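Residue numbers (the working numbering): 254 to 871. Quick reminder that beta carbons are idealized off the backbone N, C-alpha and C, glycines included. These numbers were taken from a predicted model, which means no experiment stands behind them. This report concerns only the one structure given below.
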């Protein structure tokens, strides 16, 4: 479903301590900020505020609702976002950060990158960035830039904790904060500030206009209330003591050895819903569960709201709907709010399969799931009753945006956190390591990937090794997009995605409650499935014809003369209609090197004959 990123991510940026002052000809960033704070009522007044409370409205394309925020500086906070169809509560008790999602699932935040950002926000609340001798922050004056019609002093804030950079734009006339820009490795958040009002002697912006790239999400936050000095119950900042229980086992505390279909490096299982037995994909890379929009309409479900999410290939627009009770063998689920978008066409065109939905985080997070690839069996356990007594490797796998991340190393030196994505077929690096050897690049094969966000170019490279959970796999194929990584490659942010091409060698236990993976050597550990030896990528067209979607340069397919858009009419004299779908043709293209095929293709209304001889590509 996705190669990186998440299906849904809605960071709410709410900076509530900005104001006004007069300033002319300033060039010292520390002087700019000190004058700024002095003008809004004084740093002493701000630092003396023991609590803050605000509430207002949030407006987004296709959705609107309310937001409430409680703060007890420097670290204790709670935020409630209610967009009617999507709700989220986040909190911090000063020790841990936690999230309760729209279906009531509690997650304790253990992701290294999120913890680093939490530390930065706490230090900013303590005004550590105003100290020129700070061990954590460095400020620099970047000149004067225009925001709208206002000339602004631009101050850059860097830190030693992570690679995030923050830019703040202060009006040269009055030193009001007009704009902030937060740059993270995988996201940019721009916020415009206006509608300043005085509260407790401090000028604060009551309107924030937020734009999030690359997903293209926008929102406007308009505050109606802002209070200082309210008394809060300490329990307000604590995570809920009881987690959601929206499932039950039909017998005991587990359901074991449920068969699944492993097709083209994806896991499919049957789900009963609305009196129908339908095919769904199991996907740890889906940060929410998804129902196909056409199938949702067939069930009479109404789509609500509209939100931008990140899918493989780019941003995707999704709606929400209430999924009625559903079941798999041995487990029954209550209704849940899930995402709705067109996934049927994606899987039908790629594999000829009719997929009704994706079982993502909203399903998997309730359970401990065992995936036995070699035997094509799934087992599910209640997390409160699960005990492991095997000899597998236990990996810490903190959730980042509802997706496991684990430490993995490629070629003995490219180390970092990788996403665990059972909805991805292959293994993907987010970018090409900056010091990668040229010989590796020359072994690459250009291809295209396709996801919910569209097509995207990749290059498959053969690396020497990949080290995962103490095991070493030799000669892995890893895809990379165009462009090289920054010098900070391998820091706290995820550097890639691990998919089923790696995992099919193992038995995996997915434990969301403990944020751990348990990895056992599988029966197929030493088996390397056959690889494509043609360079030909085939999909089903809108008319269900076998259509050439991409031809990799310098491969047998390119040498044979194939072009994008060719329709395959026959292979070795056998009509394409007699093959068992596009998957069976792909299997032919994985036969031994030296195998020859005669193709009849339709191009521009004319029949054409082509010959192709397979060979090893890597």
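Residue i - DSSP class collapsed to helix/strand/coil
i: residue 353; result: strand
i: residue 830; result: helix
i: residue 838; result: helix
i: residue 868; result: coil
i: residue 263; result: Interpretation of residue 263 is limited by its pLDDT of 38, a score under 50 that renders its predicted location unreliable; the figure taken from the coordinates is listed afterwards. Of the three classes helix, strand and coil, the one that applies to residue 263 here is coil, per DSSP.
i: residue 592; result: strand
i: residue 453; result: coil
i: residue 808; result: coil
i: residue 372; result: helix
i: residue 253; result: No answer is possible for residue 253: the residues shown for the chain start at 254 and end at 871.
i: residue 238; result: Here the chain comprises residues numbered 254 to 871, so residue 238 is not present and cannot be evaluated.
i: residue 670; result: strand
i: residue 753; result: helix
i: residue 282; result: helix
i: residue 637; result: coil
i: residue 618; result: coil
i: residue 489; result: helix
i: residue 290; result: helix
i: residue 843; result: coil
i: residue 271; result: Confidence at residue 271 is low in this model, with a pLDDT of 38, below 50, so its placement is unreliable and the value that follows should be read with caution. Residue 271 falls in the coil class under three-state DSSP.
i: residue 195; result: Outside the shown range of the chain (254 to 871) lies residue 195, about which nothing can therefore be said.
i: residue 484; result: coil
i: residue 403; result: strand
i: residue 664; result: coil
Beta-carbon proximity of residue i to residue j, cut-off 8 Å
i: residue 712; j: residue 871; result: no
i: residue 208; j: residue 612; result: This structure does not reach residue 208, given that the chain is present from 254 up to 871, and the question cannot be answered.
i: residue 710; j: residue 687; result: no
i: residue 318; j: residue 337; result: yes
i: residue 755; j: residue 725; result: no
i: residue 822; j: residue 829; result: yes
i: residue 557; j: residue 574; result: yes
i: residue 394; j: residue 382; result: no
i: residue 536; j: residue 358; result: no
i: residue 581; j: residue 524; result: yes
i: residue 749; j: residue 683; result: yes
i: residue 838; j: residue 799; result: yes
i: residue 445; j: residue 426; result: no
i: residue 304; j: residue 583; result: no
i: residue 606; j: residue 703; result: no
i: residue 604; j: residue 516; result: yes
i: residue 626; j: residue 728; result: no
i: residue 283; j: residue 392; result: yes
Cβ shell of residue i (< 7 Å), same chain only, five flanking positions each side left out
i: residue 340; result: 334 and 355
i: residue 863; result: 813, 814, 815, 852 and 854
i: residue 375; result: 327 and 328
i: residue 641; result: 762 and 771
i: residue 489; result: 323 and 331
Distance between beta carbons of residue j and residue i, contact taken as under 8 Å
i: residue 461; j: residue 313; result: Not confirmed; about 13 Å, so no contact.
i: residue 414; j: residue 372; result: 6 Å
i: residue 804; j: residue 789; result: 6 Å
i: residue 848; j: residue 698; result: The pair is not a contact, with the Cβ atoms about 18 Å apart (cut-off 8 Å).
i: residue 677; j: residue 602; result: Not quite, the Cβ-Cβ distance comes to about 17 Å (not below 8 Å), so this is no contact.
i: residue 507; j: residue 634; result: 5 Å
i: residue 843; j: residue 786; result: 6 Å
i: residue 362; j: residue 350; result: 4 Å
i: residue 610; j: residue 548; result: 7 Å
Neighbourhood of residue i by C-beta, 8 Å cutoff - its chain only, sequence neighbours within 5 removed
i: residue 659; result: 648, 649, 650, 670, 671, 673, 721, 722, 751 and 770
i: residue 594; result: 543, 545, 546, 569, 570, 571, 572 and 705
i: residue 398; result: 404, 405, 407 and 422
i: residue 701; result: 708, 709, 710, 711, 790, 802 and 803
i: residue 285; result: 276, 279, 394, 406, 408, 423 and 428
Contact set for residue i: own chain, Cβ-Cβ below 6 Å, skip 5 residues either direction
i: residue 636; result: 621 and 766
i: residue 653; result: 364
i: residue 552; result: 527
i: residue 623; result: 632 and 762
i: residue 618; result: 358 and 765
i: residue 450; result: 459
i: residue 679; result: 732, 752 and 754
Bridge-paired residues (DSSP) for residue i
i: residue 433; result: 421 and 444
i: residue 515; result: 520
i: residue 681; result: 732 and 750
i: residue 769; result: 649 and 764
i: residue 315; result: Residue 315 is not bridged to any residue.
i: residue 726; result: 719
i: residue 548; result: None, per the DSSP bridge assignment.
i: residue 625; result: 630 and 760
i: residue 579; result: 526 and 586
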